[in-house]
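Step one of this worksheet: look at the structure below.
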Amino acid sequence: MIISKSNPKIKEVRSLKQKKFRDELGLYFVEGHKMVKEAVSFNLPIKYVVGVKEELDRIDLSSKEVYEVSKEVFLTITDEKNPEGIIAVIEKENKPFIAPTSKCLLLDGISDPGNLGTIIRTATASGFNQIYLLDTVDEYSPKVIRASMSGIYFCTVTRITKEDIDLITLPKISADMNGESVFEFNKKLDKFCLIIGSEAHGVSTYLKEKSDYIVSIPMQSVESLNAGVAAGILMYLL
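Right, here's the structure in full:
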């Protein structure tokens, strides 16, 4: 059992809360019984698992490198307010650009980890299984992973640059307050790319100019909706 807070493995897990070290080490972590169990069942490239004994015993980790730690040590690495006591450290997978084959999502400048995680979760639920990120918060942030609630396991999340935009040849639909009401939008598209912009500035002018359609969500009394909420409404309506 690891009882030292300065143990190299513990320091490594703790460092993964920062993007700098996630990038340097090519690792990220998922936390909690459900997330770890699903990571094992999906055969993700788990480097090792860290946890307290009672949680480690609840999952078949016979083929994994496992480190038992004291509860005091675990509290120094957890990112949860009410931790369940288990973390899996996973190797980041290289995801080169692949052109979409069905309806997809392009997120332009999303900066809030909770919003990104929520959008990923809703995208998975509504069948948007290819998600492209442009100038968006790190998808491997613990807050994103937690908010996605395993949704990130079921979809392909790819970071892109402006140069990749033209390779997405599906009709592009941008969300913007000045667009046509989504309730009046009558184009029946089986395949398309829905573009959701940043919380502060919306979809960039560059992407709006690349779009085939602009749609809006009619609102009363308020000027805007949370990006995660707006994305969810549009994914289901479209």
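Sequential numbering of the sequence shown, starting at 0, is according to numbering that gives the first Met the number 0.
Backbone N, C-alpha and C fix where the C-beta goes; we use that ideal spot for every residue, glycine too.
Whose CA, out of the options, lies closest to the CA of residue i?
| i | options | result |
| --- | --- | --- |
| VAL68 | TYR47, PHE41, ASN42 and ASN81 | TYR47 |
| ASP59 | LEU132, VAL39 and VAL72 | VAL39 |
| SER125 | SER5, GLY25, ARG13 and TYR235 | TYR235 |
| LEU43 | LEU233, GLU92, GLU198 and LEU132 | GLU92 |
| ALA146 | ALA122, LYS18 and LEU193 | ALA122 |
| LEU149 | ARG158, LYS36, LYS10 and ASP22 | Looking at the sequence shown, residue 149 is not Leu but Ser. Of ARG158, LYS36, LYS10 and ASP22, the residue nearest in Cα terms is LYS36. |
| PHE28 | THR77, LYS4, SER5 and SER3 | THR77 |
| LEU133 | LEU188, LYS161, GLY50 and ARG13 | LYS161 |
| LYS33 | GLU179, ASP189 and GLU83 | GLU83 |
| ASN128 | LYS190, ASP163, LEU24 and GLN219 | LYS190 |
| LEU188 | LYS8, LEU237 and ASP22 | LEU237 |
| LYS52 | ILE2, ARG158, ASP211 and LYS80 | ILE2 |
| ASN81 | ASP107, GLU30 and GLY108 | GLU30 |
| LEU233 | VAL221, SER173 and GLU198 | SER173 |
In its own chain, which residues sit with a C-beta less than 8 Å from the C-beta of residue i, not counting the 5 before and 5 after it?
| i | result |
| --- | --- |
| ASP175 | GLY196, GLY201, VAL202, LYS207, ILE213, VAL214 and SER215 |
| ILE167 | ALA98, PRO99, CYS103, LEU105, TYR131 and CYS192 |
In the DSSP assignment, find the unbroken beta strand (DSSP E) run with residue i in it and report its ends.
| i | result |
| --- | --- |
| SER215 | 212 to 215 |
| SER173 | 171 to 180 |
| ALA87 | 85 to 90 |
| ILE238 | There is simply no residue 238 to check, as the chain begins at 0 and stops at 237 in what is shown. |
| TYR27 | 26 to 30 |
Which partner residues of residue i appear in the DSSP bridge assignment?
| i | result |
| --- | --- |
| THR155 | GLN129 |
| GLY196 | ASP107 |
| ILE1 | VAL68 |
| GLY201 | SER197 |
How far does the alpha helix (DSSP H) with residue i in it reach, from first residue to last?
| i | result |
| --- | --- |
| VAL65 | Segment 65 to 67 is the beta strand (DSSP E) holding VAL65; no alpha helix (DSSP H) there. |
| ARG13 | 7 to 14 |
| ARG145 | 141 to 147 |
| ALA229 | 226 to 236 |
Short of 6 Å in beta carbon distance, which residues of its chain neighbour residue i, apart from the five on each side in sequence? Order them along the chain.
| i | result |
| --- | --- |
| GLY227 | ASN114, THR117 and ILE118 |
| PRO217 | SER180 |
| ARG120 | SER147, MET148 and GLY150 |
Exercise. How about the stretch 88 to 100 and the stretch 52 to 63: do they share at least three Cβ pairs that are nearer than 8 Å?
Worked result: Cβ pair count under 8 Å is below three, so no.
Problem set entry | Cβ pair count under 8 Å reaching 3, the stretch 173 to 187 against the stretch 149 to 160 | no
Exercise. Is there contact between the stretch 97 to 104 and the stretch 73 to 86, where contact requires at least three CB pairs shorter than 8 Å?
Worked result: no
Exercise. Are there three or more Cβ pairs, one per stretch, closer than 8 Å when the stretch 108 to 118 is compared with the stretch 132 to 140?
Worked result: yes
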